[in-house]
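So the protein lines, in turn, are chains A and B. Under the working numbering, the first residue of the first sequence carries the number 4, and numbering increases by one thereafter. Under the working numbering, the first residue of the second sequence carries the number 102, and numbering increases by one thereafter. First up is the structure itself, then whatever we jot down about it.
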Amino acid sequence: MNTQMNRMPESYRDPRTSDPQAIAPAQRLYWSVRRELWEARSIYVAPLAAAVVFLLGFLFSTIRLPAKMRSLSALDPDQQRQVIALPYDMAAGLIMVTALFVGVFYCLDALYGERRDRSILFWKSLPVSDLTTVISKASIPLVILPLLTVVISVAMQFIMLLLSSAVLIGNGLSVGAYWTQLSFIQMSLLLIYHLVTVHALWHAPIYGWLLLVSAWARRAAFLWAALPPLTIYAVEKVVFNTSHFAAMLDYRLSGGGMEAITGPDSFPMDPMTYLTPGKFLTSPGLWLGLAAFAAFLAGAARLRRYQGPI
Amino acid sequence: MACIDARGLRKSFGTNVALDGINLHVGEGRILGLIGPNGAGKTTALKVILGLTPYHGELRVLGRDPWTERDLLMRDVCFIADVAVLPRWVRVSQALDYVAGVHPRFNRAKAEAFLAKTTIRRSSKVRELSKGMVTQLHLAIVMAIDAKLLVLDEPTLGLDLIYRKQFYDSLLNDYFDHSRTIVMTTHQVEDIHHVLTDVMFIDRGRIVFDSTMEELESRYLEVVVHPERVAGGRVLKPIYEHQGMGSSVLLFDLKASAANREQVASLGQVRTPSITDLYVAMLGRTPEDKPGILAGQAQGVAK
């Protein structure tokens, strides 16, 4: 009875109508992020270059390390720790600052450059939605750069530890005193915590704003990003003689650290005890910021739909 | 299902009307040429069809609304906007990787095979390629996508004759298979005469001429007339007249004119007019009285 059905050949299906969903949204996002890394190589080149320069500097500084270690016993434990750990914190700090700059300039160009070089017409000829594109671009400062920062910082700190140890051993000194002042795991965890809370979650609306401007501006994206906040600040100051807007911006730029870590100004002996993830997660500033971030991204995706080459 | 179905399509930029109520119906398997002067609305029409710009009116491309469903539509539609849109920083291999990564109907082997016939190296960046090679690369990508509709906007702009010929040869021989539809615009009209199945002239946002090539060949006739017999020819009311090689060339619309094929043939050597001749006949005159000139309504001799 059902021979007819059985005989339906496999090739009868028009290959063109076969499963156009074959590519998962996650795969489209993955390739879109890779595409960003191909185009904006500064995303990883800049932090790597900064790392190399810093390591060279550190290499020269190890000449003075044996002398420093010999005089260390005269200092109290807190100062000892600072002297030894300072270069390690600076290494991570340098990569963080580099990543911050890269992220800002990347975002300002992300949706502007593709219109300037007309390549937006090529990207739009492919089945990738504007939202996927915008999300892939937002993931650079919020996911890729923090991830790179962790990897590069930890690698740097590891190399620094090896270099210092080699120098100390070469000078007949014990590495024990040096190593006890460094808690490698703790440093890394602290760095990851700081990056996730402050650099990704807390700063997200800043990058969202930059992406929105980059989708909108027809020229001078940097000015369009910077001038409106300055204008609002100036107008508020002149008209009301207040600076609530500036305070709000300041809270957005530097408030994340205060919400995520509470402690004395001096570096604590065990910084892990000062982490306040509960306070951070219940801070209205975080959620208001994330809401603004979502709105900025939606706006950028919508703008991109209307935009063509400039 | 029609490939493109548009009714009363309108689009204006400020006070400038780019599309003034266009009706368009393109069936499957057609190769349509949109031809018109600069600023006539050709590119706007294509942008609307591709979901690159919002519009007023009714439009369905492969059953979808292009403006709200561009990303879904692009699974079945390909376009080459013009030769310069491939990003200059991308490597040939990266471009292939990316399209293979995001496009469900991209056949990488096919693209590689097409590229193997060219001198393009996989490791080259687009900025290192010549203009002709960039077009070859873009065509290789597009031809490897199993799309239902291909839209080409001035795809051969700025290319020399050899590249242009190769471009259209590849399109016809390696790509077109009668179940696909192609819509293209170009100023190099003579290149595409033998490629098209349908031709459409657009001027000032309106379609002023719309015909299949078969209809064009049976309806329009051009005759090379010896100067002595021109007066006799003019009696038959040609829609256009121009000079060539010491004789006059009269263009007749057999549907509108009183003359039939035999009468025209008796005037001299007859031939099918080229699209260029028709284009000049329809659009080459004073643009003021343009909106009234629809196919078949053209009257009088331009001189």
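Heads up, the beta-carbon is just placed ideally off N, CA and C, and yes, glycines get one too.
Backbone CA spacing between residue i and residue j [nearest angstrom]
{"i": "Pro271/A", "j": "Ser257/A", "result": "A caution first: Pro271/A carries a pLDDT of 48, below 50, which makes its placement in the model unreliable, though a value can still be read off. Cα to Cα, the separation comes out at about 20 angstroms."}
{"i": "Pro312/A", "j": "Thr145/B", "result": "13 angstroms"}
{"i": "Thr265/A", "j": "Phe283/A", "result": "10 angstroms"}
{"i": "Val290/B", "j": "Ala141/B", "result": "15 angstroms"}
{"i": "Phe3/A", "j": "Glu316/B", "result": "Summary: the structure shown does not reach residue 3/A, with chain A confined to residues 4 through 313, and so no result is reported for it."}
{"i": "Gly259/B", "j": "Glu42/A", "result": "27 angstroms"}
{"i": "Asp92/A", "j": "Thr279/A", "result": "20 angstroms"}
{"i": "Leu238/B", "j": "Leu216/B", "result": "7 angstroms"}
{"i": "Leu129/A", "j": "Ala301/A", "result": "20 angstroms"}
{"i": "Val157/A", "j": "Ser286/A", "result": "29 angstroms"}
{"i": "Ser269/A", "j": "Asp81/A", "result": "Reliability fails at Ser269/A, whose pLDDT of 47 lies under 50, so the model's placement of it is uncertain and the value that follows must be treated cautiously. Rounded to whole angstroms, Ser269/A to Asp81/A spans 10 angstroms at the Cα level."}
{"i": "Gly211/A", "j": "Trp290/A", "result": "14 angstroms"}
{"i": "Ala77/A", "j": "Ala207/A", "result": "45 angstroms"}
{"i": "Ala250/A", "j": "Leu204/A", "result": "19 angstroms"}
{"i": "Leu197/B", "j": "Thr135/A", "result": "19 angstroms"}
{"i": "Ala54/A", "j": "Gly116/A", "result": "28 angstroms"}
{"i": "Val325/B", "j": "Ala366/B", "result": "9 angstroms"}
{"i": "Ala27/A", "j": "Cys104/B", "result": "26 angstroms"}
{"i": "Asp247/B", "j": "Arg209/B", "result": "11 angstroms"}
{"i": "Leu151/A", "j": "Tyr47/A", "result": "7 angstroms"}
{"i": "Pro149/A", "j": "Met159/A", "result": "15 angstroms"}
{"i": "Tyr277/A", "j": "Val149/B", "result": "57 angstroms"}
Buried versus exposed call for residue i [16 or more other C-beta atoms within 10 Å across all chains shown]
{"i": "Gln189/A", "result": "exposed"}
{"i": "Ile293/B", "result": "buried"}
{"i": "His197/A", "result": "buried"}
{"i": "Arg118/A", "result": "buried"}
{"i": "Phe114/B", "result": "exposed"}
{"i": "Arg31/A", "result": "buried"}
{"i": "Ala89/A", "result": "According to the sequence as given, residue 89/A is Leu; it is not Ala. Answer is exposed; the Cβ neighbour count stays below 16."}
{"i": "Val235/B", "result": "buried"}
{"i": "Pro167/B", "result": "buried"}
{"i": "Ser122/A", "result": "buried"}
{"i": "Tyr309/A", "result": "exposed"}
{"i": "Gln370/B", "result": "exposed"}
{"i": "Ser14/A", "result": "Model confidence at Ser14/A stands at a pLDDT of 38, short of 50, so the residue's coordinates are unreliable; what they give is reported in the following sentence. Exposed, because fewer than 16 other Cβ atoms sit within 10 Å of the Cβ of Ser14/A."}
{"i": "Val146/A", "result": "exposed"}
{"i": "Ile143/A", "result": "buried"}
{"i": "Arg281/B", "result": "buried"}
{"i": "Ala52/A", "result": "exposed"}
{"i": "Ser74/A", "result": "exposed"}
{"i": "Glu329/B", "result": "exposed"}
{"i": "Leu262/B", "result": "exposed"}
Sequence-distant residues of the same chain with beta carbon closer than 7 angstroms to residue i, five excluded per side
{"i": "Pro205/B", "result": "Arg176"}
{"i": "Leu176/A", "result": "Pro69, Met72"}
{"i": "Ala303/A", "result": "Leu114, Val137, Leu214, Leu215, Ala218"}
{"i": "Leu273/B", "result": "Val296"}
Own chain, CB closer than 8 angstroms to residue i, minus 5 neighbours either side, in chain order
{"i": "Ile308/B", "result": "Ile123, Asn124, Leu125, Met301, Phe302"}
{"i": "Met244/B", "result": "Lys211, Ala212, Phe215, Ser271, Leu272, Asp275, Tyr276"}
{"i": "Val154/A", "result": "none"}
{"i": "Asp390/B", "result": "The pLDDT assigned to Asp390/B is 39, lower than 50, so where the model puts this residue is not dependable; a value taken from the coordinates is nonetheless given after this. If we look at Asp390/B and ignore the five residues flanking it on each side, it has no Cβ neighbours."}
Own chain partners of residue i with C-beta closer than 6 angstroms, once the 5 adjacent residues on each side are dropped
{"i": "Val170/A", "result": "Thr65, Leu68"}
{"i": "Leu187/B", "result": "Val227, Val235, His239"}
{"i": "Arg171/B", "result": "Gly152"}
{"i": "Phe268/B", "result": "Thr257"}
{"i": "Tyr264/B", "result": "Gly233"}
{"i": "Gly385/B", "result": "none"}
Can you pull out the residues from the stretch 39–50 of chain A whose beta carbon lies closer than 8 angstroms to at least one beta carbon of chain B? Trp41, Glu42
Would you list, in chain order, the members of the stretch 112–131 of chain A that have their beta-carbon closer than 7 angstroms to a beta-carbon of chain B? Result list: Asp120, Arg121, Ser122, Leu124, Phe125, Lys127, Ser128, Leu129, Pro130, Val131.
Pair every Cβ in the stretch 266–284 of chain B with every Cβ in the stretch 115–134 of chain B, then say whether three or more of these pairs are closer than 8 angstroms. yes
Can you list, in chain order, the residues of the stretch 341–361 of chain B whose Cβ is nearer than 9 angstroms to any Cβ on chain A? none
Looking at chain A, which residues of the stretch 133–150 of chain B have a Cβ within less than 8 angstroms of any of its Cβ atoms? Answer set for the stretch 133–150 of chain B: Lys148.
Meets three-Cβ-pair contact criterion under 8 angstroms: the stretch 161–172 of chain A and the stretch 54–65 of chain A: yes
Residues from the stretch 170–191 of chain B in contact with chain A, defined by Cβ distance under 9 angstroms: Arg171, Asp172, Leu173, Leu174, Met175, Arg176, Asp177, Val178, Cys179, Phe180, Ile181, Ala182, Asp183, Ala185, Val186, Leu187, Pro188, Arg189, Trp190, Val191
May I ask you to verify whether the stretch 330–345 of chain B touches the stretch 359–369 of chain B, counting CB pairs closer than 8 angstroms and requiring at least 3? These segments touch.
State whether the stretch 194–210 of chain B contacts the stretch 30–48 of chain A, with contact taken as three or more CB pairs (one from each stretch) at a distance under 8 angstroms. yes
Under 8 angstroms: do the stretch 234–253 of chain B and the stretch 177–192 of chain B share three or more Cβ pairs, one atom per stretch? Yes: at least three Cβ pairs fall under 8 angstroms.
Under 8 angstroms: do the stretch 223–241 of chain B and the stretch 180–197 of chain B share three or more Cβ pairs, one atom per stretch? yes
Residues of the stretch 188–212 of chain B with a CB closer than 8 angstroms to any CB of chain A: list them in chain order, please. Pro188, Arg189, Trp190, Val191, Arg192, Gln195, Asp198, Tyr199, Val200, Gly202, Val203, His204, Pro205, Arg206
Chain-ordered residues of the stretch 260–274 of chain B with a beta carbon less than 8 angstroms from chain A: none
Using Cβ-Cβ distances below 8 angstroms, what residues of the stretch 151–178 of chain A are close to chain B? none
Tell me which residues of the stretch 26–40 of chain A have at least one Cβ-Cβ distance to chain B shorter than 8 angstroms, keeping chain order. Ile26, Gln30, Arg31, Tyr33, Trp34, Ser35, Arg37, Arg38
The stretch 337–355 of chain B contacting the stretch 320–327 of chain B, beta-carbon criterion three pairs below 8 angstroms: yes
So if I threshold CB-CB distances at 9 angstroms, which residues from the stretch 151–165 of chain B count as touching chain A? Answer in chain order: Leu151, Gly152, Leu153, Thr154, Pro155.
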